[in-house]
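Notes follow the structure.
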Amino acid sequence: MASTQPLANEALFGPPSQPLRISDFIQELSQTVSVCAHSADSIPRKAQHTCAGQPDEPQRSSMTDECSVQDLQKSLDDVITDPRLMAHVMKTHEMFTQSIHDTAELSGRKKRKRAAVDELAHEHPEVLALRRSLEAVRLKSWPLTLHSALFIRPPKQSDHNTLHTTKCLSLPATVSDPREALVFVTVYDRLTWGHKLLSRSSQHVLLSSHTLGDLFDVIPCPSNEIPEPPTASSSGTWGEASARGSSGSVICLEDVAYGDGQSEQDYSDRLLETLRFLPEDKRAALQKGPPMHDAAFRTLQIRLHRPYWLCHAGDCEHFFVIEHLRAYHPSDPPVPSFPLTTQITPRLLENCKACNKVPAVYAVNGDIRLGETPFVICAPCWRWMGPPKPEHADKVQVVPLPKHEFGWHG
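Residue 1 is where the sequence shown starts when you use full-length UniProt numbering, and the numbers rise one by one after that.
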């Protein structure tokens, strides 16, 4: 906790920009728009349409026809909309990339050769016609060469997206200034198998009038789905997970700690108190800031591409990077739709350790029959295990695993 940014992964980010105050960015943007509008108004309307070198209507129509790509668009649409043709294209591409990787590999490891199957005689006539038309293309820069292996990698987990469409949270409108900037934020989590490595978990777009608390509210996290512990009235049964709890949180941004303000001593106070026990040469120069739900982005000074630290739910850490800023455009979604979530990386679910076939739904603690604790198991396997013996029943806890419902769906 001596640092507010990851030390081993700086190569994934940056280099960070110079300090940038978002309010100054919006001010300069407004001045630029005003100057451009004034310049356009000062030009006579007739001169705007008769600028030197501008083609007349026949020339414009001829240029439009010459530059049209409607024929290419139709060919692509015909292939994409036909499942048989699209499957052929995808399969061919995968075979080419796999052969390139096999040829470029220098490990000397022997690979099992796949049996060559003569599929040409069984191809559908439409697929055969498509393959021959592609082979007849004279543009020789299209085929992939051996050097393409340097630029091809298999897809990572963070390349996938659980969302089919952009997710809109539609927070209550707090816009007091019509001038807005869009803040693009990418969130990273530590990898479970290597805590010094980070992986992208989600991406969001917020308005400059939104706060750091709004960003915290839209980040999906399994810590928000921890089930309720058993009570005396629940007979030892764990309850369903509720939405975001009030366990506390803190965001460290540009040497300022923003707590949640939910208690007299929130996470920012506890963080500063913890840092006092560290040696001075390892102590981060932090100061307490306002509550995160009162810290609007337009009031902050940030650096693009620099990772900032977020901690909540005890020791659950996230790192977020502000990728870029830009002006709000009329073609963007309506202002009340923000903040937007554009990407969420699917969670890697652990399989049942009994059958190793389906994802586990329970973590069983203290059951001597399973050989280890906690033991993750699916519902059918746990039913087939049967209840533990009465003398051991008090020591067994069955905790439901997170279902990834809150924040993961559009």
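Even glycine gets a Cβ: it sits at the ideal position worked out from N, Cα and C.
Per DSSP, D281 is not a residue of any alpha helix (DSSP H), being assigned neither H nor E.
For secondary structure counted as the alpha helix (DSSP H) over 4 or more consecutive residues, the region 349-397 holds these complete runs in sequence order: 379-385. Taking the Cα positions, R21 is about 9 Å away from R303.
The three-state reading of DSSP puts Y188 in strand, counting E and B together. The shortest C-alpha to C-alpha distance from S247 to any of L128, S223, D56 is the one to S223.
Judged by beta-carbon spacing, A257 lies beyond the 9 Å limit of F25, meaning their Cβ atoms are not closer than that value. Excluding its 5 nearest sequence neighbours in each direction, Q343 has C-beta neighbours in its own chain below 7 Å: N161, L163, S202, Q203, listed in chain order. In this structure, DSSP gives Y267 a helical state, which the three-state scheme calls helix. Counting along the chain, S75 sits inside the alpha helix (DSSP H) bounded by residues 70-80. As the crow flies, the alpha-carbon of S263 is around 11 Å from that of R270.
Here P374 is not near V358, since their CB atoms are 9 Å or more apart. As the crow flies, the alpha-carbon of Q73 is around 28 Å from that of R153. Residue range 125-135 is occupied by the alpha helix (DSSP H) that includes A129.
Taken through DSSP and simplified to helix, strand or coil, S199 comes out as strand. With a contact defined as Cβ atoms closer than 8 Å, A149 and A104 qualify at about 4 Å.
Taking the Cβ atoms as the reference, V183 lies roughly 5 Å from L206, within the contact range of under 8 Å. For H324, the enclosing beta strand (DSSP E) starts and ends at 316-327. Burial of F216 is indicated by the presence of at least 16 other C-beta atoms within 10 angstroms of its C-beta.
Straight-line spacing of the CA atoms in Q287 and R369 works out to 51 Å.
Contact between A313 and H210 fails: their C-beta atoms lie close to 22 Å from each other, not under 8 Å. Non-local C-beta neighbours of L272 in its own chain, meaning closer than 7 Å and more than five positions away in sequence, comprise A257, L286, K288, ordered along the chain. Judged by beta-carbon spacing, D214 lies beyond the 9 Å limit of P336, meaning their Cβ atoms are not closer than that value. Residue state for K167 is assigned as strand, using DSSP reduced to three classes. For H312, the enclosing beta strand (DSSP E) stretches over residues 307-312. Residue pairing from DSSP places V250 in a beta bridge opposite G259, C311.
Listed in chain order, the non-local C-beta contacts of L191 below 6 Å within the same chain comprise L197, S199, local neighbours out to five positions each way being set aside.
In the structure shown, the three-state DSSP call for A181 is strand. Taken through DSSP and simplified to helix, strand or coil, A296 comes out as strand. Take the alpha-carbon of P229 and the one of R347: they are about 23 Å apart. The beta carbon of P291 sits closer than 8 Å to the beta carbons of G213, Y258, G259, D260, G261, D266 from its chain, once the five residues preceding and following it are set aside; these are given in chain order.
Looking at the backbone, the Cα of V89 and that of G366 are separated by about 52 Å. Its chain contains V250, A257, G259, K288 as the residues whose beta carbon lies nearer than 6 Å to that of S268, once the 5 sequence neighbours on both sides are disregarded; these appear in chain order. If the five residues before and after F96 are omitted, its C-beta is found closer than 7 Å to the C-beta atoms of L144, all from its own chain and listed in chain order. Spanning the alpha carbons of V321 and E225 requires a straight line of approximately 24 Å. Apart from sequence neighbours up to five positions away, the residues of its chain that approach W382 with a beta-carbon distance below 6 Å are Y362, ordered along the chain. For A354, the closest alpha carbon among the candidates T345, G371, T341 is that of G371.
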